[in-house]
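Here the structure comes first, spelled out in structure tokens, and everything after it is commentary.
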Amino acid sequence: MLRWLFKYAAAVFIFNTILLSIEVTMKIGNLIFFGLMALYSIALLINPNQMRKIIFHKSFYFLLIINILNIIYFFLFHSIADIEAVKYLLARAVKFAIISGSIYFHLDYYKIKFLDHIIYLTLFIISISLILDPNIFIGRYSGIIWNPNMLSSLVTISFAILFLKYKNYDKVNIFLLILFLAISLATGSRGSLVGILLVFLFKYSFSRRNIFYAILAIAAIFIISNIQLSTSINRFSDQSLFNDRILQYEYAFKSIYSKLYTGYGLDKYSYIDKSLVPIFLKGKIIGAHNAYLAILTQYGIVFGSLVLYIIFQKSYSAILFFRNSSGNEKVYLFIIIYTLIASIYETLITGVNEFQTSLFWFSLAILSYSKYKIENAN
456 MLRWLFKYAA AVFIFNTILL SIEVTMKIGN LIFFGLMALY SIALLINPNQ
506 MRKIIFHKSF YFLLIINILN IIYFFLFHSI ADIEAVKYLL ARAVKFAIIS
556 GSIYFHLDYY KIKFLDHIIY LTLFIISISL ILDPNIFIGR YSGIIWNPNM
606 LSSLVTISFA ILFLKYKNYD KVNIFLLILF LAISLATGSR GSLVGILLVF
656 LFKYSFSRRN IFYAILAIAA IFIISNIQLS TSINRFSDQS LFNDRILQYE
706 YAFKSIYSKL YTGYGLDKYS YIDKSLVPIF LKGKIIGAHN AYLAILTQYG
756 IVFGSLVLYI IFQKSYSAIL FFRNSSGNEK VYLFIIIYTL IASIYETLIT
806 GVNEFQTSLF WFSLAILSYS KYKIENAN
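Going letter by letter, the sequence shown gives residues 456 to 833 in this note's numbering.
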């Protein structure tokens, strides 16, 4: 049991974020989340040797440092009575241990099969969604997922996995690529356009083929933007990527300035101080919609800058080392870069139970461990 837990806990954790995004499975998802956290914590405590291997491995130092920063911040600006902050502190620490442990003990699965399993799960979610709600171009399509942006994230990443992992495509793969592309556009998420264009850049760089696809994409955008639909292209042409984010950014900056050095606390990981927002805007200003501003609001300028430095430094290291990679490494690199870009207009990276956020931290960790293995093998 413990062996299985150490190997597959990360897969269970990441797949469970999808259950948490479906209204009818949310309660089951919560039970799985708390059960997994409790079991893994107990497993670490009764296996100190395994705990040491996981937490203090060189590849995962960046996660350990973030946990240490969280602990220091907690004792400086929180008390034990701040239950929500305690929950965040523990959940983030165990999540990082789960990611590290699964990669350490079962690297082959996560390099070979895990990404395919994301595709299978996405196909299952889409199939159920289309059965229950086949009208994909009436309004923003979300299927059985509560938020169309979440469905967009899931489908765009699955499209990237399929497109980047394989060199040749059979009829089934071509069908899936078309299906994932159609659903991602139907969600109305402008971020899906960013992800799809980034996938093509990853695949073909600035080749003639990529220029040809870019021309086709521009033509498709021009045609679809003139049809009365609610696709990603229509929303992009109507509002641009940042048009409805400016106010959120303005009050995020005001929130940061209000508590510049202390921040608002660990539990305020997607937060704007509503007391700074005028009454007539309170319904429109719901969050920073920018992960970098959210981290500075959460931690304050000192701790927030340290956390951001660790994220950027580790991401840069992975990009530099795996920039000419192919297959699985290229997919994980795509997830890192896509999330860093998406974090400009969405609050990713900061939370615990969000699909793309969890995949981002997992991708950083697996590429860090793969880099360590390659360097030591040489």
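Virtual Cβ for every residue (Gly too), placed ideally from N, Cα, C. Quick caveat: nothing in here was measured; it's all calculated off a predicted structure.
{"Asked": "Beta-carbon gap between ALA615 and PHE789 smaller than 8 Å", "Found": "yes"}
{"Asked": "Runs of alpha helix (DSSP H) wholly within the segment 522-577 (minimum 4 residues, chain order)", "Found": "538-560, 562-567"}
{"Asked": "Beta bridge counterpart(s) of ILE583 as assigned by DSSP", "Found": "Answer by DSSP bridge pairing: none, since ILE583 is not bridged."}
{"Asked": "Three-state secondary structure (DSSP) of ASP693", "Found": "Per-residue confidence for ASP693 stands at a pLDDT of 49, beneath the threshold of 50, marking its modelled position as unreliable; the derived number appears in the next sentence. Three-state DSSP puts ASP693 in a helix."}
{"Asked": "Residues near TYR747 by beta carbon distance below 8 Å, same chain, minus five either side", "Found": "LEU763, SER798, ILE799"}
{"Asked": "Cβ pair count under 8 Å reaching 3, the segment 811-830 against the segment 622-633", "Found": "no"}
{"Asked": "Identity of the residues DSSP links to ILE701 by a beta bridge", "Found": "Paired residues: none, contrary to the question."}
{"Asked": "Same chain only: Cβ atoms within 7 Å of ARG690, ignoring 5 sequence neighbours per side", "Found": "Residue placement at ARG690 is poorly supported in this model, since its pLDDT is 47, which falls under 50; the coordinates are not used for a value here."}
{"Asked": "Per-residue DSSP class, three states only, for ILE477", "Found": "strand"}
{"Asked": "Collapsed DSSP secondary structure at ILE600 in the structure displayed", "Found": "strand"}
{"Asked": "Alpha-carbon spacing of VAL627 relative to GLN505, whole angstroms", "Found": "42 Å"}
{"Asked": "Buried or exposed by the 16-neighbour rule on C-beta atoms within 10 Å, applied to GLU801", "Found": "buried"}
{"Asked": "Whole-angstrom C-beta distance between ILE510 and ALA464, which should lie under 8 Å", "Found": "Incorrect: roughly 14 Å between the Cβ atoms, too far for contact."}
{"Asked": "Under the three-state DSSP convention, the category ALA832 falls into", "Found": "helix"}
{"Asked": "Simplified DSSP assignment, three categories, for ILE510", "Found": "helix"}
{"Asked": "Under 8 Å between C-beta atoms of TYR495 and VAL541", "Found": "no"}
{"Asked": "Alpha-carbon spacing of GLY490 relative to SER660, whole angstroms", "Found": "44 Å"}
{"Asked": "Helix, strand or coil at TYR716 [DSSP, three-state]", "Found": "coil"}
{"Asked": "As assigned by DSSP and simplified to three states, the class of PHE592", "Found": "coil"}
{"Asked": "Closest by C-alpha distance to PHE529, when choosing among LEU519, LEU518, LEU545", "Found": "LEU545"}
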